[in-house]
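Asks: Heads up: the protein sequence lines correspond to chains W and H, in order.
Take the first sequence: its position 166, counted from the start at 1, is 166 in the UniProt record's numbering, and no numbers get skipped.
Take the second sequence: its position 691, counted from the start at 1, is 691 in the UniProt record's numbering, and no numbers get skipped.
So that we are looking at the same thing, I have put the structure below in structure tokens.
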Amino acid sequence: MDLILLAINAILVKNILLMQYLGNCPFLGTSKRMETALGMGMAVIFTLTLATTITWVVHRAVLVPFKLQYMQTIAFILVIAALVQFVEIFMKKTLPALYLSLGIFLPLITTNCAVFGAALLSVKNDYDFVHMVVFAMASATGFALALVLFAGLRERFRVAHIPGALQDTAIGLITAGLMSLAFLGFKGMT
Amino acid sequence: MVAVLLFLGGLGAVSALLLGIAARVFYVKEDPLVVEIENALPGANCGGCGYAGCHACAEAIARGEAAANACVVGGFETTVQVAASMGVKVEAREPQIAATSCTYGTGEADLVYLYNGARDCQAAVALFGGGKLCPLGCIGLGSCVKACKFDALQIGPDRLPRFNPKKCVACGACVKACPKQIIQLTSSSDRLVREYTTAECTAPCMRGCPTGIDIPRYIAAIRDGRPQEALRIIKETCPLPLVCGRICPAPCELQCRRNLAGDEPVGINPLKRYVADYEMRTGRHINPYANAPSGRRVAVVGGGAEGLTAAYYLARLGHATTLLEARDKLGGILRHVIAPGRLPEGVLEHEIESILAMGVEARTGQLLGRDATIGSLIEREGCDAVLLATGGYDSRKLLLSESERVTPVPGLHLVVDFLGGVRAGRAPAVGRRVVIVGGESRSREAAELCRRAGAREVLIVVPGPAERMSPPLGDAAALEGVEVRAATIVTALFGAGDRLVGLRLETAGADGCPAVELREVDTILLASGRIPELVFRPVLTPERAAAAGGGAEAEVYPDFAVAPTWATAEVYRTLASLGAFGVFSSPEPGRTSDAGAVVRAILSGRRMVRGVHAQVMGRAIESIPDLAVEADEVLDVREVFGVSVEQRHEPGDPLREPGTEADWAATAELSGLGDEEARAEARRCLQCGLICYQKAM
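Here it is as structure tokens:
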């Protein structure tokens, strides 16, 4: 029960994109087409879960014993970057099909603050391993959900009357704000 | 401090080590060929080639699945680079551009409802096929613009797409995006040989014009004071504007919608003469674009309107073109039959010079069969095609008695010439095997005479069914050595050097499957009154196939004792297509065309060019489906509204002008329209489309 609540909390109530405003770069960048949004969503679920797990281990096994917690930020960034690079090389060899569908999104994730943010949050909230994994997966799912919903809206924009001044990113940001307000409605669930 | 340095350094070192090992362990060997090809490709990932992006296309090329020119947007340079990587030879592919034929935007066209939904053509078409009354009308919401990855088109203020030919790479994305399917990709070759189809917006006058001049567009150019532009538009489909401007019966004017308003038609032909005269007055030859040299050589036989037209368009298509004329001057009927009062000689000369300026080599005083033969043109001069445009029966009179004895195609004679020759005591030797094509009543007489002249076997072939054969022909079958075959057509002729080798017959079978027979023959007698337009091609003999290299398969004909070196081009009009009669009939290669007016001769000349072009470029000659013709009532416009009746501006009569008696004698013809008159007349044009027309504001 505890885990389910955690998952719902991470997906809807504290949606990493719409409530915590992490990872807005790909949110606007890869949401013009539904296909791209789905691919990016899947790539984020995969990488975020993996990165959070590894950073959690690094934190517990290296930083805490050596009292180096203040190095968290730089260490996590380094680990995530190396990890994404490794995953890319690994996938290209062993899972070419997956690589072809997710490959182009992986470099985008290297510098994604949603991934980094989830890693930091799981450490900050002092989750145990199981909670950490569920939290990471749920956060990433929330990201994918928001991204796909947003892409659906943006596809419709292409055929809508939009005043010249608001076209493209401007209407995108306004819509993101409205979606965020809508997600506020989940606040009462906790 | 030390710990921090150690930690960061260690973390970095471990990561680096891991990545280094991973890069080696998981190294994926990529085909260097694919990389090379992909580098040569433009990298736009437009999908125009039919593959998912440039990488997939490069892989397909490397596998040999796609050709070196698979990329539609890269142009010739890309193809050359890719081909160099693949080690194959390439031929330039002609650039194409996209265009629509719709000229009336939603602001002006007749609408059935006002659309205010999603800004997408697909969405608009889902609602009763779009807001426009015209089924070919552009929706104007710009789905094509969104599909274009090259910024080559945008919606103009008239709510119609504007194509930028400089940016268009003919990837075909807009063609697929358009729910009305009114965007077409065309190359300049397509435009030179095209005829209108029912899928295009055409004005009634355009459908009425046999040669299909884009009349509203050239009149608009005159109206805007751009006669050179008008001339270019006319020469797109008609190379003889000076001639047509004077002697054309102007069937277009009968179709003019001003007639529906109780008005006189627009002076389409006087306007054509106005721009043509404008060119003549400048003393220059305004010739539009021509394609790059194709490396093909074509000979056109016959220097009349049809031959001149064919030579002009073949030259514009980039083929090295030679025009052979039996008389000492080009022009045919235009020169020798039309009264100089209607068509002064100086005018004709200027027109012929314009055509020769396009790069046509003319040889006059060359009678085919006497001074040159099909064999000599194909074998010695290396022609890739020889086109007979020797004209109708009336034009044969120009050559007096000579043409009755000299036949352009070895062994091919007209029945009338044969019978006349027999009566005059100089019948040609018919050899042992004779085929008579056509069921005229005199075919039987000819068959008997052939038998008497020493023919062993005479075959009369009739395209129609046996029960519709004339009685004397039925009797002919009873004669010894004479066979009559119904429902049979000739689909090919074969020759070697200066002799006829054989022909191919196709006979309708009971099961609907035609029986094909290759038959050796010495003489063919044609019952029709003239030799039709025939296209001859070199036969790919084993020697020629070996010389050409490549995988071309040599043609071998074991049925013939003598190996043929030339043959007629393959025609698509076989028994399988309804109402078709093989080589000896069709407006494309091999059909007796009606040349009742010069404009019809121009049409058949252009149609022949379409066939010849396909032939020399190694493509099959095909029919155009859904041709738009005059009789088409695509959408019934029987009344026009909002059109004010205005007087037509007639060409001036020089006799009525003071002090021009001398001029009248010098030009011996009516003067054309003046600049102001022409512009005023051009303003009368309603600029019709399929159903749209300009209404008075």
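The beta-carbon is built from N, C-alpha and C at its ideal position, and this holds for glycine as well.
Predicted model only: the values in this text are computed from it and were never measured.
Taking the beta strand (DSSP E) that residue 162 of chain H falls in, what are its first and last residues?
Replies: The residue given as residue 162 of chain H occupies position 162 in the second sequence. 161–163 is the extent of the beta strand (DSSP E) around residue 162 of chain H.
Asks: Assign residue 15 of chain W to buried or exposed, taking buried as 16 or more other Cβ atoms, counted over all protein chains shown, within 10 Å of its Cβ.
Replies: Stepping through the first sequence from its first residue, residue 15 of chain W is reached at position 15. Counting Cβ neighbours within 10 Å, residue 15 of chain W comes out buried, since at least 16 surround it.
Asks: What are the start and end residues of the beta strand (DSSP E) that includes residue 94 of chain W?
Replies: Counting from one through the first sequence, the residue named residue 94 of chain W turns up at place 94. Run containing residue 94 of chain W: none in the beta strand (DSSP E); it sits in the alpha helix (DSSP H), 72–94.
Asks: What separation, rounded to the nearest whole angstrom, lies between the Cα atoms of residue 656 of chain H and residue 649 of chain H?
Replies: Taking the second sequence and counting its residues from 1, the one referred to as residue 656 of chain H is at position 656. Taking the second sequence and counting its residues from 1, the one referred to as residue 649 of chain H is at position 649. With a pLDDT of 46 at residue 656 of chain H, under the threshold of 50, the modelled position of this residue cannot be trusted, and the question is left open.
Asks: Distance cutoff 8 Å, beta carbons only. Does residue 130 of chain H sit that close to anything in chain W?
Replies: In the second sequence, the residue the question calls residue 130 of chain H occupies position 130. No, its Cβ sits nowhere closer than 8 Å to a Cβ of chain W.
Asks: Could you tell me the alpha carbon to alpha carbon distance between residue 173 of chain W and residue 288 of chain H, rounded to whole angstroms?
Replies: Here residue 173 of chain W is taken as the residue at index 173 of the first sequence, counted from 1. Here residue 288 of chain H is taken as the residue at index 288 of the second sequence, counted from 1. Put simply, the backbone Cα of residue 173 of chain W is about 53 Å away from that of residue 288 of chain H.
Asks: So residue 693 of chain H and residue 640 of chain H are supposed to be a Cβ contact under 8 Å. How far apart are they, rounded?
Replies: Translated into positions along the second sequence, residue 693 of chain H becomes position 693. Translated into positions along the second sequence, residue 640 of chain H becomes position 640. Residue 693 of chain H to residue 640 of chain H, Cβ: 6 Å. Contact.
Asks: Give a yes or no on whether 8 Å exceeds the smallest Cβ distance from residue 85 of chain W to chain H.
Replies: In the first sequence, residue 85 of chain W corresponds to position 85, counting from 1. Answer yes: the Cβ-Cβ gap between residue 85 of chain W and chain H drops below 8 Å somewhere.
Asks: Write down every uninterrupted run of the beta strand (DSSP E) in the region 153–233 of chain H whose length is 3 residues or greater and which is fully enclosed by it, in chain order.
Replies: 153–155, 161–163 and 183–187
Asks: To the nearest angstrom, how far is it from the Cα of residue 517 of chain H to the Cα of residue 505 of chain H?
Replies: Here the question's residue 517 of chain H lines up with position 517 in the second sequence. Here the question's residue 505 of chain H lines up with position 505 in the second sequence. Rounded to the nearest angstrom, the two C-alpha atoms are 5 Å apart.
Asks: Listing by chain order, which chain H residues have their CB less than 7 Å from the CB of residue 93 of chain W?
Replies: Numbered from 1 along the first sequence, position 93 holds the residue referred to as residue 93 of chain W. Per Cβ cutoff of 7 Å: 26 and 28.
Asks: Can you name the start and end residues of the beta strand (DSSP E) that residue 615 of chain H belongs to?
Replies: Taking the first residue of the second sequence as 1, we reach residue 615 of chain H at position 615. Per DSSP, residue 615 of chain H belongs to no beta strand (DSSP E); it is in the alpha helix (DSSP H), 598–616.
Asks: First and last residue of the alpha helix (DSSP H) that includes residue 36 of chain H?
Replies: For this step, residue 36 of chain H is matched to residue 36 along the second sequence. Here the alpha helix (DSSP H) through residue 36 of chain H covers 32–40.
Asks: How far does the alpha helix (DSSP H) with residue 36 of chain W in it reach, from first residue to last?
Replies: Your numbering for residue 36 of chain W matches position 36 in the first sequence. Run containing residue 36 of chain W: 34–58, per the alpha helix (DSSP H) assignment.
Asks: Rounded C-beta distance between residue 242 of chain H and residue 350 of chain H? I'm assuming under 8 Å.
Replies: In the second sequence, residue 242 of chain H corresponds to position 242, counting from 1. In the second sequence, residue 350 of chain H corresponds to position 350, counting from 1. Confirmed, about 6 Å.
Asks: Taking Cβ positions only, does residue 105 of chain W come closer than 8 Å to chain H?
Replies: Residue mapping note: residue 105 of chain W aligns to position 105 of the first sequence, counting from 1. Not an interface residue.
Asks: Counting only beta-carbon separations shorter than 8 Å, does residue 131 of chain W have a partner in chain H?
Replies: Here residue 131 of chain W refers to the residue found at position 131 of the first sequence. No, residue 131 of chain W does not count as interfacial toward chain H.
Asks: So with CB distances below 7 Å, who are the chain H contacts of residue 159 of chain W?
Replies: Counted from its first residue, the first sequence places residue 159 of chain W at position 159. Within chain H, the residues near residue 159 of chain W are 118, 119, 120 and 123.
Asks: Determine the DSSP secondary structure at residue 388 of chain H, reduced to helix, strand or coil.
Replies: Position 388 of the second sequence, counted from the start, is the residue given in the question as residue 388 of chain H. Residue 388 of chain H falls in the strand class under three-state DSSP.
Asks: Drop a sphere of 10 angstroms on the beta-carbon of residue 587 of chain H, count the other beta-carbons inside from all chains shown, and report buried for 16 or more, exposed for fewer.
Replies: Within the second sequence, residue 587 of chain H is the residue found at index 587, counting from 1. Any reading at residue 587 of chain H must be qualified, since the residue scores a pLDDT of 37, below 50, and its modelled position is unreliable; no value is offered.
Asks: Report the three-state DSSP secondary structure of residue 20 of chain W (helix, strand or coil).
Replies: For the purposes of this step, residue 20 of chain W is identified with residue 20 of the first sequence, where counting begins at 1. Correct three-state label for residue 20 of chain W: coil.
Asks: Establish whether the CB of residue 34 of chain H and some CB of chain W are separated by less than 8 Å.
Replies: On the second sequence, position 34 is the one that residue 34 of chain H refers to. False, the Cβ-Cβ gap to chain W never drops below 8 Å.
Asks: Taking one C-beta from the region 353–361 of chain H and one from the region 381–388 of chain H each time, how about it: are there three or more such pairs within less than 8 Å?
Replies: no
Asks: Mind checking who residue 507 of chain H pairs with in its DSSP beta bridge?
Replies: Residue numbering aside, residue 507 of chain H sits at position 507 when the second sequence is read from its first letter. In DSSP, residue 507 of chain H forms a bridge with H:488 and H:515.
Asks: Where does residue 132 of chain H sit, in a helix, a strand or coil, going by DSSP?
Replies: Here residue 132 of chain H corresponds to residue number 132 of the second sequence, with the count starting at 1. Three-state result, residue 132 of chain H: strand.
Asks: Can you name, in chain order, every residue of its own chain whose Cβ lies under 7 Å from the Cβ of residue 261 of chain H, other than the five neighbours on each side?
Replies: For the purposes of this step, residue 261 of chain H is taken as the residue at position 261 of the second sequence. Counting only Cβ-Cβ distances below 7 Å, and skipping sequence neighbours, we find 640, 643 and 645.
Asks: Does the count of Cβ pairs from the region 460–473 of chain H and the region 539–559 of chain H closer than 8 Å reach three?
Replies: The region 460–473 of chain H vs the region 539–559 of chain H: no contact.
Asks: What are the start and end residues of the alpha helix (DSSP H) that includes residue 413 of chain H?
Replies: For the purposes of this step, residue 413 of chain H is taken as the residue at position 413 of the second sequence. Here residue 413 of chain H belongs to no alpha helix (DSSP H); instead the beta strand (DSSP E) covers 412–414.
Asks: Mind checking whether residue 210 of chain H and residue 251 of chain H have CB atoms under 8 Å apart?
Replies: By 1-based counting over the second sequence, the position of residue 210 of chain H is 210. By 1-based counting over the second sequence, the position of residue 251 of chain H is 251. Yes. Within cutoff.
Asks: Which residues does DSSP list as the beta-bridge partners of residue 96 of chain H?
Replies: Residue 96 of chain H sits at position 96 when you count from the first residue of the second sequence. In the DSSP output, where bridge partners are listed per residue, residue 96 of chain H has H:187.
Asks: Please classify residue 182 of chain W as buried or exposed, where buried requires at least 16 neighbouring CB atoms within 10 angstroms.
Replies: Locating residue 182 of chain W in the first sequence gives position 182, counting from the first residue. In summary, residue 182 of chain W is exposed, with fewer than 16 beta-carbon neighbours lying within 10 Å of its beta-carbon over all protein chains present.
Asks: Is there at least one Cβ from chain W nearer than 8 Å to residue 140 of chain H's Cβ?
Replies: Numbered from 1 along the second sequence, position 140 holds the residue referred to as residue 140 of chain H. No - not a single Cβ of chain W is within 8 Å of the one on residue 140 of chain H.
Asks: Quick one: using the 10 Å Cβ neighbour count with 16 as the cut-off for buried, is residue 40 of chain W buried or exposed?
Replies: Residue mapping note: residue 40 of chain W aligns to position 40 of the first sequence, counting from 1. Under this definition residue 40 of chain W is a buried residue.
Asks: Can we say the region 169–181 of chain H touches the region 140–153 of chain H, given the rule of at least three CB pairs closer than 8 Å?
Replies: yes
Asks: Starting from the C-beta of residue 617 of chain H, find all residues in its chain whose C-beta is less than 8 Å away, skip the five residues before and the five after it, and write them out in chain order.
Replies: Here the question's residue 617 of chain H lines up with position 617 in the second sequence. If we look at residue 617 of chain H and ignore the five residues flanking it on each side, its Cβ neighbours are 294 and 296.
Asks: Please say whether residue 274 of chain H and residue 333 of chain H have beta carbons closer to each other than 8 Å?
Replies: The residue you call residue 333 of chain H lines up with position 333 of the second sequence. The residue you call residue 274 of chain H lines up with position 274 of the second sequence. Cβ atoms of residue 333 of chain H and residue 274 of chain H: not closer than 8 Å.
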